[in-house]
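Trainee: Below you'll find the structure I mean.
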Amino acid sequence: MSIPPTPFTPDLWVAQSDYFLTNSGIFLSEGQALLIDPCLRRGEIDAIADFVRAQGAVPRWLVLTHSHWDHVLGPERFPGVRTIAQARYPDVVRRDGAAIAAQVVKWEAEAGQTRAGGFSVPLPDETFETEHTLALGRLALRLLHVPGHAPDQLAVYEPVRGCLWSSDILSDVEIPFVSDNLAAFERTLAALDAYDLRLLVPGHGHPSADPAEIQTRLADDRAYLAELRERVARSIERGQTLDRALAACADMRFRLPAENAEPHRLNVESVYWELGGPVDRSQTGWQ
Ligand SMILES: [Zn+2]
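Okay, structure coming up:
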């Protein structure tokens, strides 16, 4: 039983999957819809399509925030709707597409969803490099490249309401997952700090309409990354092994420590490699 999308602003509706609080977005303006990462179970995606139809709207755009498996299931359910992603997305799919598709198939099997034939990761009709504005009715939606969690990650910013669809950053249930690059993640959060942020929807977790709470999420995540960098760098300077670096980061504080212990460990491993620590990248961290 899927829950229908709920209104977050007069222009933006949010549908939340029961799988890991994964959010899908629907911007609506003047009979046009822009869909963000429609996901995740088939019934949930159908509920989004039903909702758009019931609003008398036509889906004009489907935005793919990044190429991780849990964000790419939508396009096959909306044939003919123009898709857009960041310019590095097709490169990632060319390199990792088979592995991403295998994750989809594995999850669907576990979720009891059967599929005739295989899954191939959708490629976008259009891409952009750094920033791109899409007109939707009377809305101007700015797509921003926000790498760090994924090299091809984008965010959607609606400036009139100060509303940011942040994709897989600024979650209230996750710490920053540094599954792409620490330096890029730090630059992304520093850049977002300059935006007027009054409303926030993360890719996983709860939306916030409290500017102070949004600032706290941003500040906490920047502080976490700064401390992670400092502790891992110090370990490397002292010639410490990865195990010693992990021990040196074991008492760091972060949100929901039990749930995020494993992502934190992966972060330490990935950052140890990124900062030049002697380790086989293919055997450690998010890779
Ligand atoms: Zn992701």
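Take the sequence shown: its letter number 20 is residue 1106 in my numbering, and every next letter is one higher.
Even glycine gets a Cβ: it sits at the ideal position worked out from N, Cα and C.
As the structure is a computational prediction, the values presented were derived from the model and not from experiment.
#1: Using the beta-carbon count (16 or more within 10 Å), is residue 1119 buried or exposed?
#2: Among 1314, 1281, 1311 and 1313, which one has its Cα closest to the Cα of residue 1300?
#3: Could you tell me the alpha carbon to alpha carbon distance between residue 1321 and residue 1257, rounded to whole angstroms?
#4: If we ignore side chains and look at the alpha-carbon of each, how far apart do residue 1347 and residue 1117 end up?
#5: With DSSP collapsed to three states, give me the class of residue 1243.
#6: Can you check which of these residues, 1128, 1133 and 1108, is closest to residue 1091 by C-alpha distance?
#7: Got a sec? Which residues, its chain only, sit under 7 Å from residue 1342 by beta carbon, not counting five neighbours each side?
#8: Using the beta-carbon of each residue, find all residues closer than 5 Å to any heavy atom of ligand 1 and list them in chain order.
#9: How long is the line joining the alpha carbons of residue 1362 and residue 1210, rounded to whole angstroms?
#10: Just to confirm before moving on: does the CB-CB distance between residue 1235 and residue 1217 stay below 8 Å?
#11: Just how far apart, CA to CA, sit residue 1289 and residue 1317?
#12: Output needed for residue 1160: all residues of its chain with C-beta closer than 7 Å, excluding positions within five of it in sequence on either side, in chain order.
#13: Answer with buried or exposed for residue 1111, where buried requires no fewer than 16 other C-beta atoms within 10 angstroms of its C-beta.
#14: Does the beta-carbon of residue 1274 have 16 or more other beta-carbons within 10 angstroms, so that it is buried, or is it exposed?
#15: Output the boundary residues of the beta strand (DSSP E) element that contains residue 1198.
Mentor: Well, looking at it:
#1: The residue is buried, with at least 16 neighbouring Cβ atoms inside 10 Å.
#2: 1281
#3: 28 Å
#4: 44 Å
#5: strand
#6: 1133
#7: 1259
#8: 1154 and 1254
#9: 34 Å
#10: no
#11: 28 Å
#12: 1121, 1123, 1124, 1125, 1131 and 1148
#13: buried
#14: buried
#15: No beta strand (DSSP E) contains residue 1198, which DSSP labels as neither H nor E.
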